[in-house]
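Count along the sequence shown starting at 1, add 132, and that's the number in the working numbering. Using N, Cα and C, we set each Cβ at its ideal position, and we do this for glycine too. Comments concern the structure below.
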Amino acid sequence: MQIYNIKPHGHYTKLFGAVIALGSFDGVHRGHQKILQTARILAKKYNKPYGVITYQPIPQVLLHKDFHFLLATDKEKVKIFRDLSVGFLGLIKFTKQIMNLEAQDYILQYIVKPIRPSAVVVGVDHHFGKAHKGNVALLKKFGKEFNFEVKVVSSLKYHGAPIKSTRIRELIILGHIKRANELLDRKYSMTGKVIKGKGLARQLGFPTLNLHMPDKAKLVPADGVHQVKVNFEGKQYDGVMNIGFAPTITNSLQAYQMRSLEVHLFGYQGNEQTSLNKLITVEFFERLRPEKRFDNLEALKKQIADDIMQIKQKILPARS
């Protein structure tokens, strides 16, 4: 998959006549994939290249400095598009200048002149230009004016409701990871770096790796205990992850203000010291339970053992 940084008034001759899927595509969920599939089919009709034009970052990140609800980071999104066999990827650096462009100026500078598309495929609620004044009706008008077809794809529904990034965020925040995964068409994941922890989990007999998320906009799932699969040092591990404030062993107010992400890898023989600063990717399967304060460490230790046993019982039938 070739990646292009789309500049205003640029000329990308290899892309002339392409069919493009246009949008933010946060999460690249099943609804987005319907848009991609429609663009792929249209490209065959026109016998032209097919690809995606999207933003880095998505507009919400620029508009809201406290936005912490990103379903896929820029790097993750590129990987997802590559896995979906997208022909090419055009990246528009989203800035305040672009945000204040009138709808027609945006289409001319970033779509029509650089690519001269045969067709543009968007979702039914697609908006563009200053104050989101551009909509699908205006895009169709521009299509007639600048000689490209506009294909509007209706929302894909799941259990009677449209699949949207907002809906998936709500599910993840509420702890409904399994349902969110169904809408995403893959396991929700996070990639971070291993950082030094307090070593308390090791004292309990369940050593963990502590994660730091470099992209603050990335959505962290609900607090609690999660069944996960971990990609680390070139290997895959099943595991259990705790997200939250470790209330049983946390005493100070400052500690309660620091949300931690700790994962215990089944069968991992390494240690935290040799793992520091290495990248680790965690895929979420299911939230087992909310975080809980126990009366003592022995009660906590027993619950962790029960959590691990529950996950292993889920894994065995899946592998048999």
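With 16 as the cutoff for other CB atoms within 10 Å, does residue i come out buried or exposed?
i	result
Lys177	exposed
Pro422	exposed
Gln445	exposed
Gly399	exposed
Glu430	exposed
Leu411	exposed
Glu415	buried
Ala269	exposed
Ser392	buried
His291	exposed
Gly331	exposed
Leu351	buried
Leu448	exposed
Pro346	exposed
Thr340	buried
Glu208	buried
Considering residue i, what are the terminal residues of the alpha helix (DSSP H) in which it resides?
i	result
Glu281	Here Glu281 belongs to no alpha helix (DSSP H); instead the beta strand (DSSP E) covers Glu281 to Val285.
Thr170	Arg162 to Tyr178
Ile305	Ser297 to Ile305
Lys465	The requested residue 465 does not occur in the structure, where the chain is confined to residues 133 to 452.
Gln401	First-last for Gln401: undefined, no H or E at that position.
With which residues is residue i paired in a DSSP beta bridge?
i	result
Ser321	Glu415
Gly337	According to DSSP, Gly337 bridges with nothing at all.
Ile152	Gly183 and Val252
Tyr144	DSSP output for Tyr144 lists no bridge partner at all.
Ala293	Tyr290
Phe364	Lys367 and Ile412
Leu393	Ile375
Gly356	Ile375
His344	Lys325
Arg425	None, per the DSSP bridge assignment.
Gln188	Lys225
Tell me the DSSP secondary structure of residue i in three-state form.
i	result
Tyr388	With a pLDDT of 48 at Tyr388, under the threshold of 50, the predicted position of this residue should be treated as unreliable, though the coordinate-derived value follows. Note: Tyr388 maps to helix in three-state DSSP.
Asn313	helix
Met441	helix
Ala349	coil
Lys193	The sequence shown places Val at residue 193, not Lys. Three-state result, Val193: helix.
Ile138	coil
Lys330	coil
Glu430	helix
His461	Residue 461 is absent from the structure shown; the chain starts at 133 and stops at 452.
Lys446	helix
Phe157	coil
On the DSSP letters alone, give me the boundaries of the beta strand (DSSP E) that residue i sits inside.
i	result
Asp370	Lys367 to Gly376
Subject >> Secondary structure, alpha helix (DSSP H): runs of 4+ residues fully inside the region 198 to 250 >> reply: 206 to 215, 228 to 231 and 235 to 239
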